[in-house]
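*Asks:* To start, I am sharing the structure in question, which I have written as structure tokens.
Number of protein chains: 2
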Amino acid sequence: MALVTESVADICLAAKAASRVLARADTSTKNAALHAIGEALIARTPEILEANARDLEAGREAGLSDALIDRLRLDAERVAGIAAGARAVAALPDPVGEVLDGGRLYNGLDVRRVRVPLGVIAVVYESRPNVTIDCAALCLKSGNAIVLRGSSSAIHSNGVLTEIVRDAVAGAGLPEAAVSLVAGGGRAELGELATQRESVDLIIPRGGEGLKAALMAVATVPVIYAAAGVNHVFVDVSADLDDAIAIAVNAKAQRPSACNAAETLLVHAGVAGVFLPRALPALRAAGVALRLDERAAALAGEPGDEAATEEDWAAEYLALVLAVGFVDSVDAAIEHVGRYGSGHSEAIVTGSAASARAFQLGIDAACVYVNASTRFTDGGEFGMGAEIANSTQKLHARGPIGLSELCTYRYLVEGSGQVRA
Amino acid sequence: MALVTESVADICLAAKAASRVLARADTSTKNAALHAIGEALIARTPEILEANARDLEAGREAGLSDALIDRLRLDAERVAGIAAGARAVAALPDPVGEVLDGGRLYNGLDVRRVRVPLGVIAVVYESRPNVTIDCAALCLKSGNAIVLRGSSSAIHSNGVLTEIVRDAVAGAGLPEAAVSLVAGGGRAELGELATQRESVDLIIPRGGEGLKAALMAVATVPVIYAAAGVNHVFVDVSADLDDAIAIAVNAKAQRPSACNAAETLLVHAGVAGVFLPRALPALRAAGVALRLDERAAALAGEPGDEAATEEDWAAEYLALVLAVGFVDSVDAAIEHVGRYGSGHSEAIVTGSAASARAFQLGIDAACVYVNASTRFTDGGEFGMGAEIANSTQKLHARGPIGLSELCTYRYLVEGSGQVRA
Numbered sequence: 001m002a003l004v005t006e007s008v009a010d011i012c013l014a015a016k017a018a019s020r021v022l023a024r025a026d027t028s029t030k031n032a033a034l035h036a037i038g039e040a041l042i043a044r045t046p047e048i049l050e051a052n053a054r055d056l057e058a059g060r061e062a063g064l065s066d067a068l069i070d071r072l073r074l075d076a077e078r079v080a081g082i083a084a085g086a087r088a089v090a091a092l093p094d095p096v097g098e099v100l101d102g103g104r105l106y107n108g109l110d111v112r113r114v115r116v117p118l119g120v121i122a123v124v125y126e127s128r129p130n131v132t133i134d135c136a137a138l139c140l141k142s143g144n145a146i147v148l149r150g151s152s153s154a155i156h157s158n159g160v161l162t163e164i165v166r167d168a169v170a171g172a173g174l175p176e177a178a179v180s181l182v183a184g185g186g187r188a189e190l191g192e193l194a195t196q197r198e199s200v201d202l203i204i205p206r207g208g209e210g211l212k213a214a215l216m217a218v219a220t221v222p223v224i225y226a227a228a229g230v231n232h233v234f235v236d237v238s239a240d241l242d243d244a245i246a247i248a249v250n251a252k253a254q255r256p257s258a259c260n261a262a263e264t265l266l267v268h269a270g271v272a273g274v275f276l277p278r279a280l281p282a283l284r285a286a287g288v289a290l291r292l293d294e295r296a297a298a299l300a301g302e303p304g305d306e307a308a309t310e311e312d313w314a315a316e317y318l319a320l321v322l323a324v325g326f327v328d329s330v331d332a333a334i335e336h337v338g339r340y341g342s343g344h345s346e347a348i349v350t351g352s353a354a355s356a357r358a359f360q361l362g363i364d365a366a367c368v369y370v371n372a373s374t375r376f377t378d379g380g381e382f383g384m385g386a387e388i389a390n391s392t393q394k395l396h397a398r399g400p401i402g403l404s405e406l407c408t409y410r411y412l413v414e415g416s417g418q419v420r421a
Numbered sequence: 422m423a424l425v426t427e428s429v430a431d432i433c434l435a436a437k438a439a440s441r442v443l444a445r446a447d448t449s450t451k452n453a454a455l456h457a458i459g460e461a462l463i464a465r466t467p468e469i470l471e472a473n474a475r476d477l478e479a480g481r482e483a484g485l486s487d488a489l490i491d492r493l494r495l496d497a498e499r500v501a502g503i504a505a506g507a508r509a510v511a512a513l514p515d516p517v518g519e520v521l522d523g524g525r526l527y528n529g530l531d532v533r534r535v536r537v538p539l540g541v542i543a544v545v546y547e548s549r550p551n552v553t554i555d556c557a558a559l560c561l562k563s564g565n566a567i568v569l570r571g572s573s574s575a576i577h578s579n580g581v582l583t584e585i586v587r588d589a590v591a592g593a594g595l596p597e598a599a600v601s602l603v604a605g606g607g608r609a610e611l612g613e614l615a616t617q618r619e620s621v622d623l624i625i626p627r628g629g630e631g632l633k634a635a636l637m638a639v640a641t642v643p644v645i646y647a648a649a650g651v652n653h654v655f656v657d658v659s660a661d662l663d664d665a666i667a668i669a670v671n672a673k674a675q676r677p678s679a680c681n682a683a684e685t686l687l688v689h690a691g692v693a694g695v696f697l698p699r700a701l702p703a704l705r706a707a708g709v710a711l712r713l714d715e716r717a718a719a720l721a722g723e724p725g726d727e728a729a730t731e732e733d734w735a736a737e738y739l740a741l742v743l744a745v746g747f748v749d750s751v752d753a754a755i756e757h758v759g760r761y762g763s764g765h766s767e768a769i770v771t772g773s774a775a776s777a778r779a780f781q782l783g784i785d786a787a788c789v790y791v792n793a794s795t796r797f798t799d800g801g802e803f804g805m806g807a808e809i810a811n812s813t814q815k816l817h818a819r820g821p822i823g824l825s826e827l828c829t830y831r832y833l834v835e836g837s838g839q840v841r842a
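Now the structure itself:
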């Protein structure tokens, strides 16, 4: 891993040079590299697992939790899944070169707004080694160079995976500096990466609030922060109760660790009397621990439930815990979501067209659902093929960040000697 | 001006609350406010000029340069122009609510990506008071609240203009906190504004490099930096020479203080012998001071021209000064632009389809021109009606920032009880 000894600035400058070649690469060349990555991952699985075993051993010695060890672990099946992911990205449409809009100006100039790659994207992530390939594949396909900064706990796994990608990229005739690994896990190195304005066009942190805060303190490069998902399911007075129960259980319990899972259930007071006595047992049966406000507790509380505090309304549990509260109107639900929501995914269950419209207009979030689970906020589910992250900020991209969102645009203007009067 | 005594944080929170109302305001209501602004500007012109006179007097006492005094000065004609600008914004299409794309997912969910306002936009600007109305009008029309932070030298002018806007907005039934002025010019205040992540969605600095550096050091709110325009006109070997001369003169001299003016003329060595002896006299006749590289000087230099230094290639003169250099190929021109350009507006003059395509593909700038002047990079020229700034960064918006670019989007998803499997 000779690359480890290069400085962060040098790695980023090499990535910038590579990005100029990648930006002009044919779709078929990029797809060949992606298929080669898939093949090499399978062929070199023993080597990957050997490196991974070294990380796992070091992790156990360092006392990593079982959950972290599990996120770090690779096996043949997981490697095969990662390889399939790379091939799936090859099958997606190429976003580069798409004409977004255009026309002829008053003076005869023809203008086209054309999608082009951003350039160099840095991804900062924590233990999971599959992120190395997933993000490299999406950046390659969208014509971007990528600088990966994984955690030190996955250093051997990420090193081999990056080497495999670089070999495949070079084999397809593209510059291997299209994919680079900044190996260590130090905060100084993060600061260096986050200030390479000459070479890095975007940093995407995939990690916890500590990582985001560290980046926010130092970054001069643009960052897309994926905020927490404090998401709500609001059951309106006119909701179909079977749908409402299914949606509440699905949004909370189907995969509680996902950022698009629900953390709070809001219930219209007018329907709580019939809804909560059915919904709360269903949630408890799904293993959900409940934090109830006073009215909900009085109506359908059981021993084992807890009282919801002010902190519960703002909490992203990422676990089988759900806050449940009464609201007296759609407007009160909108106000609650406005105060505590993180702008990720918000759902109303309602039979009323007026309530649905009020919720859609009143909620300021990336994804607003009517009569569906919040769990669909996902690049794959949205038909974008894959996502590199999920944005809750408003600038550039909101919601799933897929291939198109890894691009910017350029105006191409063609004339016949026009000058400005 | 009671608002001056409010804290920056309070002003921004009030703007946030107003932004929720504005985001849902009808187009006709917003247009009524814009027309009322136009009428009030005319009706209250004496009051505006009186306030402006106080700023001018204070500016002269403080020793402001004639150029700054001129930028600060309003007269009845300029006020009428500003009023016409507000009415012109009323005539533009409303960007809010536009469906950008959408479709039905595999599971029957209907997804629409809909344009919505960003929320609260802060604009930090220097002396010109017309910016107060121009930016307020664009933000109002796009459903955004605006927090204006003008310079202390224009405090009285901006105060009256903001008051006029707030009266008109309130008269149309919209919250007057939709438009607020942070009055002072202190850096501490700028830092406070740039860290209101809870309430401010975007900061747009309209000013020099010092302002941008100050923001970059402190901002945690997203910023769109409008970098300098180090723009090039490249005259290819196959260029029509009349077009090339007209474009070079126009790009440099038609309005040298504009960010879309050219700063460097690159000439293919194969055509320099016939082009420079005609072009350089035309440029000198337009008042342009020339900085020539060795080959250009040897071929067509005159006493009074200067030698181009390394600094000249990177300079944004914003004045009647032009660097002129030889290049030996289209690729060499692309490389020069890649090294020294600021990603704003770049032009090739060529008769060759292959050269035009190579330039379009190889130049990473917001606007790439073939056979036209760089001076067209402008929201008005591009048919966007108006612009609040011009972006050379790649995230969110590139090139002119008009009404659409002051918006983000939201996914609206409608179902009939769908849950994730």
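If you read the sequences in order, they're chains A and B. Going by my numbering, the first residue of the first sequence is number 1, and it counts up by one from there. Going by my numbering, the first residue of the second sequence is number 422, and it counts up by one from there. Glycine included, C-beta positions come from ideal geometry on N, C-alpha and C. None of these values were measured; they are calculated from a predicted model.
1) Would you mind telling me which residues of chain B sit closer than 7 Å to A/S416, beta carbon to beta carbon, in chain order?
2) Between A/L247 and chain B, is there a C-beta pair that is closer than 8 Å?
3) Roughly how many whole angstroms lie between the Cα atoms of A/L193 and B/I666?
4) Would you please state the rounded distance, in angstroms, between the beta carbons of B/G806 and B/L513? I believe it to be under 8 Å.
5) Which residues bound the alpha helix (DSSP H) around A/N158?
6) So, does the CB of A/G119 fall closer than 8 Å to a CB anywhere in chain B?
7) Per DSSP, B/R627 is paired with what?
8) Would A/G383 pass as an interface residue toward chain B - the criterion being a Cβ-Cβ separation below 8 Å?
9) Using a Cβ cut-off of 8 Å (strictly closer), state whether A/A88 contacts chain B.
10) Using DSSP's beta-bridge definition, name the partner residues of B/N811.
11) Cα-Cα, which of B/S548, B/V590 and B/V692 is closest to B/G629?
12) Using a C-beta to C-beta distance shorter than 8 Å, which residues of chain B count as neighbours of A/H396?
13) For the region 43–64 of chain A, list every residue whose C-beta sits within 8 Å of some C-beta in chain B, in sequence order.
14) Taking the continuous alpha helix (DSSP H) assigned at B/R481, which residues delimit it?
15) Rounded C-beta distance between A/R420 and B/N671? I'm assuming under 8 Å.
16) Using the C-alpha atoms, what's the distance from B/A721 back to B/I567?
17) For A/L68 and A/S142, I'd like the C-alpha separation in whole angstroms.
18) At the 8 Å Cβ level, is A/L109 part of the contact set with chain B, yes or no?
19) Count the other C-beta atoms from every protein chain shown that fall within 10 angstroms of the C-beta of B/Q839, then say buried if there are 16 or more, exposed otherwise.
20) Could you check whether B/S440 and B/G540 sit closer than 8 Å to each other, using their CB atoms as the reference points?
21) Can you pull the chain A residues whose beta carbon is under 9 Å from the beta carbon of B/N551, in chain order?
22) Check whether the region 525–535 of chain B and the region 473–489 of chain B touch, using three or more Cβ-Cβ pairs below 8 Å as the test.
23) Would you mind sorting B/R525 into buried or exposed? The rule is 16 or more other CB atoms within 10 Å of its CB.
24) Name the residue from B/L697, B/I576, B/R508 and B/A674 whose alpha carbon lies nearest to the alpha carbon of B/D663.
25) Can you give the Cα-Cα distance for A/S153 and A/G171, rounded to whole angstroms?
26) Our contact map puts B/R819 next to A/Y369 with C-beta atoms below 8 Å; I'd like the distance itself, whole angstroms only.
27) Rounded to a whole number of angstroms, what is the C-alpha to C-alpha distance between A/S391 and B/E715?
28) Going along the region 425–441 of chain B in order, which residues come within less than 8 Å of chain A, judged by CB to CB distance?
29) Taking only beta-carbon atoms, is A/Q254 less than 8 Å away from chain B?
30) Is it buried or exposed, A/G402, if we count other Cβ atoms within 10 angstroms and call 16 or more buried?
31) Applying the 10 Å Cβ sphere with the 16-neighbour rule, what's the burial state of B/G772?
32) Any C-beta of chain B sitting closer than 8 Å to the C-beta of A/Q196?
33) When the distance is taken between beta carbons, is B/A472 closer than 8 Å to B/V581?
34) Entirely within the region 495–530 of chain B and at least 4 residues each: give me those alpha helix (DSSP H) ranges in chain order.
35) Who are the Cβ neighbours of A/N130 in its own chain at under 6 Å, not counting the five residues just before and after it?
36) Where do the ends of the beta strand (DSSP E) carrying B/A566 lie?
*Replies:* Once the coordinates are examined:
1) N792
2) In the sequence on display, residue 247 of chain A carries Ile and not Leu. Yes, its Cβ sits closer than 8 Å to a Cβ of chain B.
3) 44 Å
4) 4 Å
5) I155 to G171
6) yes
7) B/Y546
8) yes
9) no
10) B/P821
11) B/S548
12) L816 and H817
13) none
14) T466 to E482
15) 6 Å
16) 52 Å
17) 31 Å
18) yes
19) buried
20) yes
21) None at all; the shortest Cβ gap to chain A is about 21 Å.
22) no
23) exposed
24) B/L697
25) 29 Å
26) Not a contact, Cβ separation roughly 31 Å.
27) 51 Å
28) R441
29) yes
30) buried
31) exposed
32) no
33) yes
34) 497–511
35) I82
36) A566 to R570
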